[in-house]
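Enquirer: Here the sequence shown stands for residues -3 to 299, where the numbers follow our numbering.
Each residue gets a CB set at the ideal place from its N, CA and C atoms; glycine is no exception.
I am attaching a structure below and will ask some questions about it afterwards.
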Amino acid sequence: MVTVQQVERFLAVVAHGTFTAAAEQTNVTQPALSRSVRELERTIGAPLLERCPRGVGLTPVGRAILPAARALLAEAHRVRDIGRRAAGLQTGELHVASVQSLTLGALLQVVHRWQEKYPLISLRLSEFTHRARLEEAVRDGFADVAVAPRPDAWAGPVHDLGVEEFVLVLPTGSPVPAGRLPVRSLAGRRWVHYEQENGLSDVVDQVCAAAGFVPEVAVRTLQTSAAPRLAAAGLGPALVPANVLSPTDAVAVAFPEPAVRRPIAAFTRHAPDPVAGAFIAMLAEHVALLPAHLRPPEHQIRA
């Protein structure tokens, strides 16, 4: 018999591309995750996943059942949502999907406040390195709420949370301009860049293209948190969301010219239930898209 848990874990592997990443994001051990997928394969009678050079991919049978698996999970979530509406905000779990950069900083205060106010409703956070994969997963029923760059086209409700600002992290000891640093002035430098799987790779390429050059790459990283540290170590400038930097990070920071910003939103497939609605309201009040210790030059008070 096919269970919702088996389907959910199968779809997690599909969404994240590896068993290791899926296990981390679903908060289960890798053996337990693999066992669920094997049990599903035994029930169906054929392999669903196959090893690929850069992770795992779907077999023909896996591709065939994928739409039905997503529909089953979405229906299971709908049943749970109906129950939540009846039960209110007393117990349960809220599944939040976000892009990796936001969980590193902007969501920390919200998660802390949620635990204080709703201690019996646990939060499950799933991180994605690319907004496109997040949107696809949430559209197919993967999470209750998504927190990410505002989607260009979304059928369900979208709640704007504000604008995320990007900064340039420079090698330690670099002079930091009093105003904004023109991106074009970095055309001759080697950059700390992102792997293509990280959606910030597209942001860097677009910003540099607008400044009239293609960035020369010193190193690429998949992890957003690694970029500022690699830049500070002297490998080259890095463009990072300001909210990933904490006051204790010993980095030289400059705001780019022109400014690099993107709107952030919380979005759901359907009208949010009371639990998801409470989380979105808390996001609107407490999400920190620009850390208090960082302010753009135009907002700084000069003596």
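For Ser94, which three-state DSSP category applies?
Expert: Along the sequence shown, one-based indexing puts residue 94 at 98. Correct three-state label for Ser94: strand.
Enquirer: Taking Gly137 as the reference, give the member of Pro171, Thr220, Ala67 and Thr14 with the closest Cα.
Expert: Counting from 1 along the sequence shown, the entry for residue 137 is found at position 141. Gly137 has its Cα closest to that of Ala67, out of Pro171, Thr220, Ala67 and Thr14.
Enquirer: Please look up how many angstroms separate the CB atoms of Gly101 and Pro243, rounded, as I've assumed it's under 8 Å.
Expert: Walking along the sequence shown from the start, residue 101 turns up at place 105. Walking along the sequence shown from the start, residue 243 turns up at place 247. With 8 Å as the limit, Gly101 and Pro243 do not qualify as a contact, their Cβ atoms being about 11 Å apart.
Enquirer: When DSSP labels each residue in this structure, what does Val249 get in the three-state scheme?
Expert: Stepping through the sequence shown from its first residue, residue 249 is reached at position 253. Looking at Val249 - three-state DSSP - the assignment turns out to be strand.
Enquirer: With DSSP collapsed to three states, give me the class of Glu89.
Expert: Numbered from its first residue, the sequence shown carries residue 89 at position 93. Reduced to three states, the DSSP call for Glu89 is strand.
Enquirer: From what residue to what residue does the beta strand (DSSP E) around Gly169 run?
Expert: For the purposes of this step, residue 169 is taken as residue 173 along the sequence shown, with counting starting at 1. Per DSSP, Gly169 belongs to no beta strand (DSSP E) and is neither H nor E.
Enquirer: At 4 residues or longer, what runs of the alpha helix (DSSP H) sit wholly inside the stretch 178 to 236?
Expert: Counting only runs of 4 or more, we get 196 to 206 and 222 to 226.
Enquirer: Would a C-beta distance cut-off of 8 Å place Val163 and Ala238 closer than the cut-off?
Expert: Start at 1 with the first residue of the sequence shown, and residue 163 comes out as number 167. Start at 1 with the first residue of the sequence shown, and residue 238 comes out as number 242. Their beta carbons are under 8 Å apart, which means Val163 touches Ala238 by this criterion.
Enquirer: With 16 other CB atoms within 10 Å as the buried threshold, where does Ala299 fall?
Expert: What you label residue 299 is simply residue 303 of the sequence shown in a count that begins at 1. Residue placement at Ala299 is flagged as unreliable, the pLDDT there being 37, under the threshold of 50; the coordinate-derived value follows with that caveat. A residue is called buried once 16 or more other Cβ atoms fall within 10 Å of its Cβ, and Ala299, having fewer, is exposed.
Enquirer: Please determine, among Gly51, Pro49, Leu166 and Gly58, the residue with the shortest C-alpha to C-alpha distance to Arg38.
Expert: Indexing the sequence shown from 1 puts residue 38 at position 42. Nearest option by C-alpha distance: Gly58.
Enquirer: If we count Cβ pairs, one from each stretch, closer than 8 Å, do we get three or more for the stretch 246 to 255 versus the stretch 185 to 194?
Expert: no
Enquirer: Would you mind working out which of Pro43, Val(-2), Asp77 and Glu89 sits nearest Thr22, comparing C-alpha positions?
Expert: In the sequence shown, counting from the first residue as 1, residue 22 sits at position 26. The shortest Cα separation from Thr22 among Pro43, Val(-2), Asp77 and Glu89 belongs to Glu89.
Enquirer: Going by DSSP in three states, Met(-3) sits in which element: helix, strand or coil?
Expert: What you label residue -3 is simply residue 1 of the sequence shown in a count that begins at 1. Reduced to three states, the DSSP call for Met(-3) is coil.
Enquirer: How many whole angstroms separate the CB atoms of Asp269 and Asp148, which I take to be in contact at a CB cut-off of 8 Å?
Expert: Indexing the sequence shown from 1 puts residue 269 at position 273. Indexing the sequence shown from 1 puts residue 148 at position 152. Incorrect: roughly 25 Å between the Cβ atoms, too far for contact.
Enquirer: When we look at the beta-carbon of Thr87 and count the other beta-carbons within 10 Å, is it buried (16 or more) or exposed?
Expert: Here the question's residue 87 lines up with position 91 in the sequence shown. Thr87 comes out exposed.
Enquirer: Near Gln26, what residues of its chain come up, given a Cβ to Cβ distance below 7 Å and the 5 sequence neighbours on each side ignored?
Expert: As a first step, residue 26 is located in the sequence shown; it is residue number 30 there, counting from the start. Phe15, Thr16 and Ala19.
Enquirer: Measuring only the C-alpha atoms, how far is Pro43 from Thr99?
Expert: For this step, residue 43 is matched to residue 47 along the sequence shown. For this step, residue 99 is matched to residue 103 along the sequence shown. So the two alpha carbons sit approximately 34 Å from each other.
Enquirer: Using the beta-carbon count (16 or more within 10 Å), is His12 buried or exposed?
Expert: Locating residue 12 in the sequence shown gives position 16, where the first residue counts as 1. Buried.
Enquirer: Within a Cβ cutoff of 6 Å, which residues of the same chain sit near Asp156, ignoring the five residues on either side of it in sequence?
Expert: Here residue 156 refers to the residue found at position 160 of the sequence shown. Ala261, listed in sequence order.
Enquirer: Would you kindly work out how many angstroms separate the C-alpha atoms of Gly169 and Arg291, rounded to a whole number?
Expert: Position 173 of the sequence shown, counted from the start, is the residue given in the question as residue 169. Position 295 of the sequence shown, counted from the start, is the residue given in the question as residue 291. Distance between Gly169 and Arg291, taken at the CA atoms: about 20 Å.
Enquirer: Helix, strand or coil for Arg146, going by three-state DSSP, please let me know.
Expert: Within the sequence shown, the letter at position 150 stands for residue 146. In the structure shown, Arg146 sits in coil (DSSP, three-state: anything other than H, G, I, E or B).
Enquirer: Does DSSP put Val154 in a helix, a strand or coil?
Expert: Taking the sequence shown and counting its residues from 1, the one referred to as residue 154 is at position 158. DSSP places Val154 in strand when its eight states are reduced to three.
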